[in-house]
Amino acid sequence: MYLLYFKKKIIGQYGVHEWDNGFISLDGAFRVSSEGKIDLFFKVQKKILILLKKKLPYSSPVIVFHKENLSANNLHKKFNFKKIKKKNKLNFFKKYIKSKKNNVSNFYIKELNFDK
Numbered sequence: 770m771y772l773l774y775f776k777k778k779i780i781g782q783y784g785v786h787e788w789d790n791g792f793i794s795l796d797g798a799f800r801v802s803s804e805g806k807i808d809l810f811f812k813v814q815k816k817i818l819i820l821l822k823k824k825l826p827y828s829s830p831v832i833v834f835h836k837e838n839l840s841a842n843n844l845h846k847k848f849n850f851k852k853i854k855k856k857n858k859l860n861f862f863k864k865y866i867k868s869k870k871n872n873v874s875n876f877y878i879k880e881l882n883f884d885k
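Put into structure tokens, the structure is as follows:
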């Protein structure tokens, strides 16, 4: 989990999770202040994806977010996340959503395939 600071004040957080099965997800993006530039989360996500591509080039990071979360939807569109193709990976994240007592149909589950 990364805390985001602006002028020595926490203004948000952003998370990366590596699951026991090797899957990686971006999660926990949360802004608690309007301070800082409007493109802050875009820049943070871009930097995290660059680092993941460099350190784990064969990974395909996953995002899971509620369909009504317009901010997340707009952010992730800029990175060209696509539907997950591998059934076992998709089923893993569906099971995770259900474990949190949520309806899977209310969520987008997508991945980013790095250009090899």
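Numbered per the working numbering, the sequence shown spans residues 770 to 885.
Where a beta carbon is used, it is the ideal one built from N, C-alpha and C, also for glycine.
Pair within 9 Å by beta-carbon distance, residue i and residue j
i    : j    : result
G784 : Y771 : yes
F799 : G781 : yes
F861 : Y827 : no
E787 : S829 : no
Extent of the continuous alpha helix (DSSP H) to which residue i belongs
i    : result
F811 : L809 to K824
Y865 : K856 to S868
L881 : Here L881 belongs to no alpha helix (DSSP H), and DSSP marks it neither H nor E.
Buried or exposed (CB count within 10 angstroms, at least 16 for buried), residue i
i    : result
G914 : Since the first residue shown for the chain is 770 and the last is 885, residue 914 is missing from the structure and cannot be characterised.
F850 : buried
S868 : exposed
CB contact below 9 Å: residue i versus chain B
i    : result
I878 : Absent from the structure: chain B. Only one protein chain is present.
Enclosing beta strand (DSSP E) for residue i [first to last residue]
i    : result
S794 : I793 to R800
Three CB pairs or more closer than 8 Å across the stretch 865-877 and the stretch 827-836
yes
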